[in-house]
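Residue numbers (my numbering), protein chains in the order written: chain W, 269 to 383; chain F, 2 to 110.
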């Protein structure tokens, strides 16, 4: 089945620094990947849609200059949280549409803690 | 702007069937019903999906009403490892996947 690998699984960074999160489709090509954010005890919120070779589409209220998305190949999308602040601490999850009609396959998530 | 309504929480005894309801009264003819679950601090896991016919796989069964306005996910023999948040999602092909609040299922010994 379709597998999506997300790295790192957790990261702690200092306020003001940038953090990059990688999302890879291991056994299929994904022209479109999605990035979600999840705060404690809340549901997943779609942040942006990442399209291979073109600019990402951001949801309303998501700062595109703060959350930089790059989808340079059919198997890799990256999310960079720039100038991170404590309020950016959250669980970030990526997904990609797999083969067939099995909806989307999700990565295991990245827990970001900004101190 | 989730298109589904689910109870916030449910309990189920271990070994018994867990029946999780979902209302999706505004579903369109070309939209599927997907079920995912999320175990704490992990990414969502695909369970099952359907269009209008009932579906069954090794994990669960999906019962969709004839008018397609509601569905029920059935875990036939719940185990403690089935404790998770279960999300019912309505989505057409090539659409993005948006999550509602889900149902927190607790399986008790």
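A virtual CB, placed ideally from N, CA and C, is assigned to each residue, including glycine.
Since the model is a prediction, treat every value here as computed from it, not as a measurement.
For residue 22 (chain F), go through chain W and note every residue whose CB falls closer than 9 Å to its CB, in chain order. Taking the second chain and counting its residues from 1, the one referred to as residue 22 (chain F) is at position 21. Ordered by position in chain W, no residue passes the 9 Å Cβ test against residue 22 (chain F), which lies about 17 Å from the chain.
Return yes when the Cβ of residue 7 (chain F) is within less than 8 Å of the Cβ of residue 102 (chain F), no when it is not. What you label residue 102 (chain F) is simply residue 101 of the second chain in a count that begins at 1. What you label residue 7 (chain F) is simply residue 6 of the second chain in a count that begins at 1. Taking 8 Å as the Cβ cut-off, residue 102 (chain F) and residue 7 (chain F) qualify as a contacting pair.
Mind checking residue 283 (chain W): buried by the 16 CB within 10 Å criterion, or exposed? As a first step, residue 283 (chain W) is located in the first chain; it is residue number 15 there, counting from the start. Result: exposed.
Indicate whether residue 274 (chain W) and residue 358 (chain W) have their beta-carbon atoms separated by less than 8 Å. The count along the first chain starts at 1 and reaches residue 274 (chain W) at position 6. The count along the first chain starts at 1 and reaches residue 358 (chain W) at position 90. Not closer than 8 Å, so no.
Within its chain, find whatever has a CB closer than 7 Å to the CB of residue 14 (chain F); leave out the 5 residues flanking it on each side and keep chain order. The residue labelled residue 14 (chain F) in the question sits at position 13 within the second chain. The answer, listed in chain order, is 109.
Does chain W have any CB closer than 8 Å to the CB of residue 1 (chain F)? Because chain F spans 2 through 110 in this model, residue 1 (chain F) falls outside it and cannot be assessed.
C-beta atoms of residue 364 (chain W) and residue 287 (chain W) nearer than 8 Å: Counting from 1 along the first chain, the entry for residue 364 (chain W) is found at position 96. Counting from 1 along the first chain, the entry for residue 287 (chain W) is found at position 19. Not in contact: residue 364 (chain W) and residue 287 (chain W) (Cβ atoms no closer than 8 Å).
By how many angstroms is the C-alpha of residue 335 (chain W) removed from the C-alpha of residue 327 (chain W)? Looking up residue 327 (chain W) in the first chain gives position 59. Looking up residue 335 (chain W) in the first chain gives position 67. If I take the Cα positions, the gap works out to 11 Å.
Which residues does DSSP pair with residue 338 (chain W) in a beta bridge? Taking the first residue of the first chain as position 1, residue 338 (chain W) is located at position 70. According to DSSP, which records beta bridges pairwise, residue 338 (chain W) is partnered with W:346.
Proximity winner among F:16, F:23, F:68 and F:64, relative to residue 80 (chain F) (alpha-carbon distances): As a first step, residue 80 (chain F) must be located in the second chain, where it is residue number 79. The shortest Cα separation from residue 80 (chain F) among F:16, F:23, F:68 and F:64 belongs to F:16.
Name the two residues that bound the continuous beta strand (DSSP E) containing residue 20 (chain F). Start at 1 with the first residue of the second chain, and residue 20 (chain F) comes out as number 19. Its beta strand (DSSP E) spans residues 19 to 24.
So, using beta-carbon positions, are residue 48 (chain F) and residue 74 (chain F) closer together than 8 Å? Walking along the second chain from the start, residue 48 (chain F) turns up at place 47. Walking along the second chain from the start, residue 74 (chain F) turns up at place 73. Closer than 8 Å, so yes.
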